[in-house]
Amino acid sequence: MDRRTLLASGLALAAAAPLRAQGPSPAKAAQRLPLWPKGVPGGEGRTVTDVFVKRSPDGPADDIAWTHLATPVLKVTPAARPNGTAVLMIPGGGYARIAVGNAPSNLAQLYAANGTTAFELLYRLPHDNWAAGPDAPLQDAQRAMRVIRAGATRWGFDPAKVLALGFSAGGHLVGRLGEQAAAKTYDPVDAADALPARPMAIGMFFPVVTMAEADAHGPSKRELLGNGPDAAMADRYSLERHVAATMPPTFVCHAADDRTVPYTNSIRMFTALQAAKIPSEMMIGEAGGHGVPLIGRDGKPHVWIDLVAAFAARHGWTA
Numbered sequence: 046m047d048r049r050t051l052l053a054s055g056l057a058l059a060a061a062a063p064l065r066a067q068g069p070s071p072a073k074a075a076q077r078l079p080l081w082p083k084g085v086p087g088g089e090g091r092t093v094t095d096v097f098v099k100r101s102p103d104g105p106a107d108d109i110a111w112t113h114l115a116t117p118v119l120k121v122t123p124a125a126r127p128n129g130t131a132v133l134m135i136p137g138g139g140y141a142r143i144a145v146g147n148a149p150s151n152l153a154q155l156y157a158a159n160g161t162t163a164f165e166l167l168y169r170l171p172h173d174n175w176a177a178g179p180d181a182p183l184q185d186a187q188r189a190m191r192v193i194r195a196g197a198t199r200w201g202f203d204p205a206k207v208l209a210l211g212f213s214a215g216g217h218l219v220g221r222l223g224e225q226a227a228a229k230t231y232d233p234v235d236a237a238d239a240l241p242a243r244p245m246a247i248g249m250f251f252p253v254v255t256m257a258e259a260d261a262h263g264p265s266k267r268e269l270l271g272n273g274p275d276a277a278m279a280d281r282y283s284l285e286r287h288v289a290a291t292m293p294p295t296f297v298c299h300a301a302d303d304r305t306v307p308y309t310n311s312i313r314m315f316t317a318l319q320a321a322k323i324p325s326e327m328m329i330g331e332a333g334g335h336g337v338p339l340i341g342r343d344g345k346p347h348v349w350i351d352l353v354a355a356f357a358a359r360h361g362w363t364a
């Protein structure tokens, strides 16, 4: 099947329930929901301060990235008319920063305007020397899924219908969440921790996947594992090595001209998913680079967004 045929078939699937640029009702303003009201696990004696920087000198005021984060939070963009679904979005930044502003992202607003309650995760970074080391982001991702489900009645969605999307290094984190949803990474702190952390389905956008030298994204690998990790450590954090039968249905996409994270990361992931017989779909676009805008200047979603929505809908993520 050539690329044009693949794209056309994907568009046909997506047409069943595309996200609309002008939703039926406006999204509400984002709210901030702390993940750990009693303090982060392993945070005793650590003095980390929230720090953010502008991503470009002339960019909008909210075009920022967090280089240190002491208090992990979920930004919640409620749907004015909830349709029973929710989405967790995990931004990237090479594990050196978290590229997300204070206001709801365009994608969060789009989801909320179409009835999906949108959550964006600000997670801890390994370089702040948390007790869990490179597993601190996974602690936050697991806890986020449980806090989201605990609030299902409040926000008006089915707790089973939570899609999780990750972008770049956030794609690595969402992949770890899918693989390690049942792993015990922290002691329970409240009733929310009795809830499952496994998403209904996941989407990995231009993701960091492997720590193998040939295809690894060097900066993410260094931030996560330090300089010169041994082979066992690199293997432990290479997603393609740990796909099990419990992995959620997974959508993977990348651009062939990505010069930051090689598209072969997505191919490695998809190959492993298929070998494990996990429901999965992959799109490799001809062009787009790294971090292609998911919402165009016209306010319309990139085709990838409708494709992942159609994929998730086939696996139960429907209104």
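For the sequence shown, our numbering begins at 46 and goes up steadily by one.
We put the beta carbon where it would ideally sit given N, CA and C, even for glycine.
- A residue is called buried when at least 16 other Cβ atoms come within 10 angstroms of its Cβ; Pro79 does not meet this threshold and is exposed.
- Across the structure, Ala209 and Pro102 are spaced so that their CA atoms are roughly 31 angstroms apart.
- Cβ-Cβ distances below 6 angstroms link Ile247 to Ala209, Val219, Gly223, Pro293 and Thr295 in the same chain, with the five nearest sequence neighbours on each side left out; the list follows chain order.
- With fewer than 16 other Cβ atoms from the protein chains shown falling within 10 Å of its own Cβ, Asp108 counts as exposed.
- Here Glu331 is exposed: its Cβ has fewer than 16 other Cβ atoms, across all protein chains shown, within 10 Å.
- Sequence-distant partners of Thr112 (beyond 5 residues in either direction) whose C-beta falls short of 8 angstroms from its own C-beta, in its chain, are Val96, Phe97, Val98, Ala141, Arg142 and Leu170.
- Within 10 angstroms of the beta-carbon of Gln76 lie fewer than 16 other beta-carbons, which makes it exposed.
- Note that the C-beta distance between His217 and Val192 is not below 7 angstroms.
- Taking a contact as a CB-CB distance under 8 angstroms, the pair Ala195 and Ala237 counts as one, their CB atoms being some 4 angstroms apart.
- Each of Asp173, His172 and Asn151 was checked against the Cα of Ala163, and the nearest Cα belongs to Asn151.
- For Asp203, the uninterrupted beta strand (DSSP E) segment begins and ends at Phe202 to Phe212.
- For Gly129, the three-state secondary structure derived from DSSP is strand.
- Going by DSSP, Ile323 is part of no alpha helix (DSSP H) at all; its letter is neither H nor E.
- With contacts defined as CB atoms closer than 7 angstroms, Ala158 and Thr122 fail to qualify as a contacting pair.
- His287 sits in coil when the DSSP states are folded into three classes, being neither helix nor strand.
- Comparing alpha carbon positions, the residue from Met327, Gly334 and Gly333 closest to Val353 is Met327.
- Gln76 carries a strand assignment under DSSP once its states are collapsed to helix, strand and coil.
- The beta-bridge partner set that DSSP reports for Trp111 consists of Phe97 and Ile143.
- Counting every other CB atom within 10 Å of its CB across the protein chains shown gives Gly273 a total below 16, marking it as exposed.
- Fewer than three Cβ pairs drawn from the stretch 297 to 306 and the stretch 281 to 288 lie within less than 8 angstroms of each other, which leaves the two stretches out of contact.
- Annotation: the continuous beta strand (DSSP E) that includes Phe164 extends over Thr161 to Leu167.
- A direct Cα-to-Cα measurement between Gly160 and Gly211 gives close to 20 angstroms.
- The C-beta separation of Trp349 from Val234 comes to about 36 angstroms, leaving the pair out of contact by the 8 angstroms criterion.
- Apart from sequence neighbours up to five positions away, the residues of its chain that approach Leu269 with a beta-carbon distance below 7 angstroms are Tyr140, Pro171, Pro179 and Tyr282, ordered along the chain.
- If the five residues before and after Arg221 are omitted, its C-beta is found closer than 6 angstroms to the C-beta atoms of Leu183, all from its own chain and listed in chain order.
- Comparing alpha carbon positions, the residue from Ala277, Thr309, Asp232 and Gln154 closest to Pro346 is Gln154.
- Boundaries of the alpha helix (DSSP H) harbouring Ala358: Val348 to Arg359, taken from the DSSP string.
- Under DSSP, the beta-bridge partners assigned to Leu119 are Leu78 and Leu166.
- One alpha carbon belongs to Val85, the other to Met278, and they sit about 24 angstroms apart.
- DSSP places Met292 outside both helix and strand once states are collapsed to three, so it counts as coil.
- Residue state for Gly138 is assigned as coil, using DSSP reduced to three classes.
- Gly137 is positioned such that its CB atom lies closer than 7 angstroms to that of Gly215.
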